[in-house]
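Visitor: Each residue of the sequence shown is one higher than the one before, starting from 1 at the first, in full-length UniProt numbering.
Heads up, the beta-carbon is just placed ideally off N, CA and C, and yes, glycines get one too.
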Amino acid sequence: MTNPSLLILPGDGIGPEVMTEVRKIIDWFGAKRGITFDVSEDLVGGCAYDKHGTPLHDDTMAKAQEVDAVLLGAVGGPKYDNLDFSVKPERGLLRLRKEMDLFSNLRPAQCFDALADFSSLKKDVVAGLDIMIVRELTSGVYFGEPRGIFEEGNERVGINTQRYTESEIDRVARSAFDLAMKRGKKLCSMEKANVMESGILWREVVTEVGKDYPEVELSHMYADAGAMQLTRWPKQFDVIVTDNLFGDLLSDLAAMLTGSLGMLPSASLGAPMDNGRPKALYEPVHGSAPDIAGQGKANPCACILSFAMALRYSFDMGEEATRVEQAVNKVLGDGVRTADLLNEEGITPATTAEMGDAVIAALDASL
Ligand code: IPM
Ligand code: MG
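1) Since THR60 and ALA48 should fall inside the 8 Å C-beta cutoff, what is the C-beta to C-beta distance between them, to a whole number of angstroms?
2) Check the DSSP bridge columns for GLU136 and list the partner residues they point to.
3) The ligand IPM and GLY287: does the residue's C-beta get closer than 7 Å to at least one heavy atom of that ligand?
4) If the criterion is Cβ atoms closer than 8 Å, does the pair LEU137 and ASN160 meet it?
5) Listed by chain order, which residues have C-beta atoms less than 5 Å from any heavy atom of the ligand IPM?
6) May I have the straight-line CA-CA distance separating SER268 from LYS122, to the nearest angstrom?
7) Considering only heavy atoms of the ligand MG, does any lie closer than 7 Å to the CB of ASP252?
8) Can you look up VAL295 in the DSSP assignment and give me helix, strand or coil?
9) Could I get the ranges of all uninterrupted beta strand (DSSP E) runs contained in the stretch 165-250, with 3 residues as the minimum, in chain order?
10) For ALA38, report the span of its beta strand (DSSP E) as first-last.
11) Hey, PRO108 and PHE315: beta-carbon distance below 8 Å or not?
12) When the Cα of ILE200 is compared with those of LYS211, ILE347 and ALA223, which residue comes out closest?
13) Going by CA-CA distance only, name the one from LEU218, ASN244 and PHE246 that's closest to GLN236.
14) Going by the CB atoms, is the gap between ILE133 and GLY247 shorter than 8 Å?
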């Protein structure tokens, strides 16, 4: 049997630093668990632009289509702010999502016990929180046409289009219901059916799909009310399904409930490939954090946990995924903290590498 293949795209900013720690975990699995991945590495984002004049080279795109899973760090940075829109680092990521057709973006927001005090919300509101946001990732206002900046009379007009077909809503809804079946069997769908026709259609299609999942308790909320409820009492939710733009906003909000963006992984999944595995890309929810890049301050946990999601969703290694998650949990319980997880002065934070090494030590202890 051939080894499972992974394409690693560290990207920009803190991406390469956090990915170095993930490489340690991947190597650990080869050495200690006999699970060897064929790993290749390439460029995406600003660094790809610097080398090739495009944020994603066609060869890299082709490789991404062939491997079993892609693991991405982060893209973007102030250096690229004034680039033409078509070659901005983010376009590289968006092209990957679109051409791999990764329509279902899983963003768990889980509050690690040791971090419950660290949230900006009260401890009892967030302790034990475990919700999953399923964000539609390949359509909606991110990709809808017409789009652009046009001349209209004597001024310019900026246009983007929110557009959803029934089949696009249907497939992401199904992936959310499937997940809900494996979790708490509760699904809340969020849109703005009170002001948007696309929201009306969204609600209708999700309701229709729900008939195939009679065990799942389905509810609907306007996305603005959803944001309010997420901060008021987030534990009322199990799985949330929403469109691309609302999902972008709500997942940042949900992430912060848990204390730090530096802890949160994500999986972007598409249709099954010939080998039965879904097309898949895994990436931390955080960005490239250019302000701390290259200083060894970044928290590698989100990227490490993204690799754990790859173990679970691409390679059917749920137990090994849990092993990684528990190792991270143990490290936090032992008090190891990168700078993003500290609000007291006078404590020296762990570096990116120290955090990675602590996770490796916890993995060793798990054997
Ligand atoms: C995210 C990011 C991206 C998005 C950017 C980097 C294009 O904010 O993954 O949430 O808007 O989807
Ligand atoms: Mg975002």
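Guide: For this structure:
1) 7 Å
2) SER104
3) yes
4) no
5) GLU90 and ASP248
6) 31 Å
7) yes
8) Reading off the sequence, residue 295 comes out as Gln, not Val. Of the three classes helix, strand and coil, the one that applies to GLN295 here is coil, per DSSP.
9) 186-191, 217-222 and 239-242
10) The sequence given here has Asp at residue 38, not Ala. 38-41 is the extent of the beta strand (DSSP E) around ASP38.
11) no
12) ALA223
13) LEU218
14) yes
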